Amino acid sequence: MIRNLLLSLALIATALASAPASAQSSAGPLPKVRLFTTGGTIQSRGAHRQKLMEYSDGKVTPEQLVNDLPELKEVAQLEYMEISNVGSPSVNTEIQLRLAKEINAWLAKPESAGAVVTHGTATLEETAYFLNLVVKSDKPVVLVGAMRPFTAVSRDGPFNLYNAVRVAGSPKARGMGVMILLNDEINAARDTTKGNTYRTDTFVARDLGPLGYADSDQIVFYRKPTYRHTSKSEFDVSKLSTLPRVDITYGYQEDDGTAIDAFVAAGAKGLVLTGGDKDAIKRAQEKGVLIVSSDRKGSGRVVESEKAAAEKRVTSDNLLPMKARILLRLALTKTSDPKEIQRMFNQY
Ligand code: ASP
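Residue numbering for the sequence shown follows this note's numbering, starting at -1 and increasing by one per position.
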């Protein structure tokens, strides 16, 4: 009897000694993190293990995702909620609004530590920036995706998810705004874009760099976003069921304004342009369409100027066109005054 008891104690001691560092060092109960799933490659299956680039989105359920990774239990008390299970080009206003409202409800609970969102990488940065502007909490929100399907040899999804949950549960990540985590890198929603079609280090903040890293020894941050976000944001979607239509046109040689006219005819309330035909821009403005000038180069600023102000154009600072579209949609829920919208572009 005593021998059996000692044997059990010895087994427990051995188990504790071999437990991973993260489990041993966590003082007190593990943080409560909720996973909100929307789909994307991280939840997709290919025909066989070598298929990296052909797969269908949205086949892996949140339950399968979580059960596949028992190590998550060592870093958080994890709950999950499915918002959608689609490829990210299909993420729309309805999904984004529901996601924002559910995240806000979760983070308002005193016991919650943070939130993780699975998302396809193609438009992940758009949802991340949207949430950065409408989440009403300093608690961490981390968007995670994968470049390789769930079924692939050497898939990147599980470790990305593991690290995203670690960051969402980390007190160090509070007040950092919405973050993007792939490839061990913690990036700011506002500054980051998908920079490569297939490589696993695809998310880049170009001239600004990552906020920090999720490494095995610790979650480490080197800088903080300075633009307004989350709890300091003036935007509120709690009572909204839709957002104004805003479209983007890409400037190029011999662009004759056909796209601008078509978007205006389709009901656009705002347009983000990277160039464009001057007469078509004037026609759009005469119909009350708000114009934001962005740029197609992928990094650098579009500065405020007397010329832009005189032409009642808002300049986008260093926001890429797809991010400028998100901000303009939210701005138009408050005002259509170009000066006031320029103030928003200078602050967010
Ligand atoms: N097709 C995917 C998407 O939903 C791409 C990805 O997730 O990496 O965006």
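Here a beta-carbon is modelled for each residue, glycine too, at the ideal position from N, C-alpha and C.
Source: prediction; values computed, not measured.
Judged by pairs of C-beta atoms under 8 Å, the region 138 to 150 touches the region 107 to 125, as three or more such pairs exist. N316 has its alpha-carbon roughly 18 Å from the corresponding atom of L328. Membership of E252 in any alpha helix (DSSP H) is not indicated, and neither H nor E is assigned to it by DSSP. Placement of the Cβ of D154 at a distance of 7 Å or more from every heavy atom of the ligand ASP is found. The three-state reading of DSSP puts F148 in coil, since its state is none of H, G, I, E or B.
Looking at the backbone, the Cα of G274 and that of R311 are separated by about 13 Å. In terms of Cα proximity to K332, the closest of V290, P242, E252, T125 is P242.
In the displayed model, Q62 falls within a helix according to three-state DSSP. Annotated as proximal: R323 and I246, with beta-carbon spacing under 8 Å. Boundaries of the alpha helix (DSSP H) around Y127: 122 to 132.
Ordered along the chain, residues surrounding the ligand ASP are G38, T39, D55, G85, S86, G118, T119, A120, G143, M145 [Cβ under 6 Å from any heavy atom].
At a Cβ-Cβ threshold of 8 Å, I279 and L271 count as neighbours.
The continuous stretches of beta strand (DSSP E) do not include E284, which lies in the alpha helix (DSSP H) extending over residues 276 to 284.
When the alpha-carbon of N65 is set against those of R188, P223, Q48, Y78, the nearest one is in Y78.
Judged by beta-carbon spacing, P29 lies within the 8 Å limit of G167, meaning their Cβ atoms are closer than that value. F261 sits in a helix when the DSSP states are folded into three classes. By alpha-carbon distance to Y53, the top candidate from E100, T190, M145, D254 is M145. The Cβ atoms of A186 and L209 sit closer than 8 Å to each other.
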